[in-house]
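In this note's numbering, the protein residues as written are 1 to 605. The beta-carbon is built from N, C-alpha and C at its ideal position, and this holds for glycine as well. If you're wondering where the values come from, they're calculated on a predicted model, not measured in any experiment. Taking it in order: structure first as structure tokens, then the write-up.
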Ligand code: AGP
């Protein structure tokens, strides 16, 4: 979703802003803009990609040692040059970039229009910058005071950087429910919605607390104020560039690199689990009778896998909720419940809100996240970090398999705490888990060619059906999600037993049907479901463990994965499904790292 980068220092701002915008591209956006400050503000905004903005700027004035940049993912008003950020106040004195949503923008706009303000754009962000100017004029306030007053009127979420042309070297930055960090270098400041835009020049980092205004002036120490204009403290922490630096290496895309590094990312997740808040989590588990998992998209699919695993091995009831639906359910949450939020980014607004609801009811909360110091990590009582490394591809791959690995570790921790498995059983499963990175490497190399070949048979399809049973059912729906996200082929995932209750009507000659067959007691049943599909002349692709025998002629294409215990299958089976989606999207010439309309961190509800 929207991204912010701003700079104040001694260097030319333009290349820093463009570099930052390029690093933010992975989040998803439909227009980009910059404003550089050199006495006057030079504003340039374009729909399309950062490259379009760069071409547009070639013969424009982009000079200045200070500037603001933004990538916009349209919410209020379509993707147009005018609606792109930065936005300015009526007098052009104030320039602002904004992430988030001003929920009460309509009533604020009506009030401002009543007082004679005119608007150029359809955005909620323009309302905010105009509101600050209104406070400045009406109450003769400083920019900082006016910003603080305006934000007290605002309902919703925001990360904002504001510049006032009368305060030459100064930027103001503030956030609420939307990330914003400040990188501090040698007499220079970098402000961004994501610290991975910072380079080695940042020596320290400030994770701005909510509703704290940072006043950042070139060559001066930062000063922080509450919205009521009282000076407050903020921590300055050391910044480790190596932790956020990312590159594609020799791979053609970040997504492909992320798929192929899953042996390493899973290793890090498994090794890192013991360093999570394990003792405190164990204490929480002792007083837990029910787990409610809340998440969105791919992370929700991890939640369903968790439901199968925890119920089977740890004998605890698990419910899985779409985070966006959690607030519309009248859950009777009690003190023997535990709510677990799962999120790759740690910034998903729906998941954040669901955890906040749980917290407001006094329920224990855990976050399973990849995004270090993310909002969700900070909300939850305890955190399990995935340590998968930054995921740039918008479609989640390595973060998903790391979520599943962390869930397996958590399942064993619960089983140990609840004594639902013997120590010997836990040790045996642990020994298998330790072999997981090896199984993943084997699967990557054995399924690559086959996935590539099958992609040729899928790339012309208009739609596809994915089937699974038991613990492989969530893997089938995740496989379908991957295909639709990156190749734009319509795909549905179903529990295979449900097919006869409706989706069977869709089956026709050559429809690609991808079936995930597990080596457990569900195998016979899903095989008979595939027979129903084959009888209707669909094109059958089966993902199965080597040791599972299929009736002759049942499948048109088979991808064999290693013979692993069935609880490891969700991870192992995900790999050929990711590759299948990847190579199909590649054949279709899609922009795999940044699929249309999608955002990496969905920071609006
Ligand atoms: C994954 O491929 C998707 N881009 C999407 O479904 C994602 O999983 C969802 O938006 C939740 O994101 P989160 O894990 O960062 O909370």
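DSSP three-state assignment for residue 531, whether helix, strand or coil: helix
Cβ-Cβ distance between residue 53 and residue 77 below 9 Å: no
Local conformation of residue 69 per DSSP, three classes: strand
Residue range of the unbroken beta strand (DSSP E) whose run includes residue 603: That residue, residue 603, is in no beta strand (DSSP E); it is neither H nor E in DSSP.
Pairwise C-alpha distance: residue 129 and residue 45: 17 Å
Buried or exposed by the 16-neighbour rule on C-beta atoms within 10 Å, applied to residue 166: exposed
Reference residue 133, options 115, 449, 338, 425, closest by Cα: 115
Three or more C-beta pairs below 8 Å linking the region 511 to 519 and the region 533 to 548: yes
Own chain residues within Cβ distance below 6 Å of residue 503, not counting five before or after: 494
Cβ-heavy atom distance, residue 423 to ligand 1, below 8 Å: no
Beta strand (DSSP E) segments (min. 3 residues) lying fully within the region 206 to 235: 212 to 217, 223 to 226
Residue 306 beta carbon near ligand 1 (any heavy atom closer than 8 Å): no
DSSP three-state assignment for residue 45, whether helix, strand or coil: strand
Beta-carbon gap between residue 338 and residue 197 smaller than 9 Å: no
Backbone CA spacing between residue 188 and residue 298 [nearest angstrom]: 39 Å
Member of 181, 106, 318 whose CA lies at the smallest distance from the CA of residue 333: 318
Within 9 Å, strictly: CB atoms of residue 227 and residue 240: no
Check whether residue 355 and residue 380 have beta carbons under 9 Å apart: yes
Reference residue 153, options 438, 347, 191, 105, closest by Cα: 105
Distance CB(residue 531)-CB(residue 554) smaller than 9 Å: yes
Distance between beta carbons of residue 444 and residue 570, contact taken as under 8 Å: So it is not a contact: roughly 16 Å between Cβ atoms.
Under 9 Å between C-beta atoms of residue 505 and residue 463: no
Close beta carbons around residue 473, own chain, < 7 Å, minus the five adjacent residues each side: 495
Under 9 Å between C-beta atoms of residue 27 and residue 9: no
Identified DSSP bridge partners for residue 494: 467
Unbroken alpha helix (DSSP H) run spanning residue 190, endpoints: Here residue 190 belongs to no alpha helix (DSSP H); instead the beta strand (DSSP E) covers 189 to 192.
As assigned by DSSP and simplified to three states, the class of residue 386: coil
Those residues which DSSP pairs with residue 453 across a bridge: Note: residue 453 sits in no beta bridge, so no partner.
Validate contact between the region 271 to 280 and the region 298 to 308 using beta carbons, cut 8 Å, 3 pairs: no
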